[in-house]
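Participant: Numbering (the working numbering), first residue to last: 398 to 537.
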């Protein structure tokens with residue numbers, strides 16, 4: 398009876414394209430921490446100011462959304478957020494709306510947001526430059 402009640406098995410945390418993106422990020426940002434599949438509510442906070450229902454509404458906009466990868470520096474400051482998107486996927490209107498909300502929230506928080514499209518992944522130097530700026534390869 399116990400076996401049927403808990404019918405679970407370990408799953409792979411990511412499928413092929415996601416692990417390729419992770420390996421690309423590891424190569425591009427060896428001195429950074431990379432976190433995968435993070436809740437948007439764990440990387441954004443509602444600013445102090447909105448109260449009551451307004452604050453709850455702002456939180457609900459981000460509560461159930463996730464981002465693919467969060468790149469942090471050694472101080473755990475967010476450097477950028479990277480999502481992997483399937484280039485030819487037809488997105489339903491609800492998901493499209495959520496995607497726009499996610500992008501606007503990240504923009505409001507001044508967090509750099511980048512989408513990559515496997516299998517056409519950028520070279521890691523291009524990605525570094527996009528995230529860290531043109532002086533990315535100058536090691537201090």
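The beta carbon of each residue, even a glycine, is placed where N, CA and C say it ideally should be.
These numbers come from a predicted model, not from an experiment.
1) Taking the beta strand (DSSP E) that residue 434 falls in, what are its first and last residues?
2) Could you tell me which residues DSSP pairs with residue 448 in its beta bridges?
3) For residue 456, which three-state DSSP category applies?
4) Tell me, to the nearest whole angstrom, how far the beta carbon of residue 506 is from that of residue 441; I am working on the premise that it is less than 8 Å.
5) Nearest-angstrom Cα distance between residue 537 and residue 427?
6) Terminal residues of the continuous beta strand (DSSP E) containing residue 479?
7) Put residue 523 into one of helix, strand or coil per three-state DSSP.
Facilitator: In this structure, then:
1) DSSP places residue 434 in the uninterrupted beta strand (DSSP E) bounded by 430 to 436.
2) Partner residues in a beta bridge of residue 448, as assigned by DSSP, do not exist.
3) helix
4) Taking a contact as a CB-CB distance under 8 Å, the pair residue 506 and residue 441 counts as one, their CB atoms being some 5 Å apart.
5) With a pLDDT of 44 at residue 537, under the threshold of 50, the modelled position of that residue is not reliable, and no figure is offered here.
6) From DSSP, the beta strand (DSSP E) with residue 479 extends over 475 to 481.
7) Shown here, residue 523 sits in a helix according to DSSP, grouped into three states.
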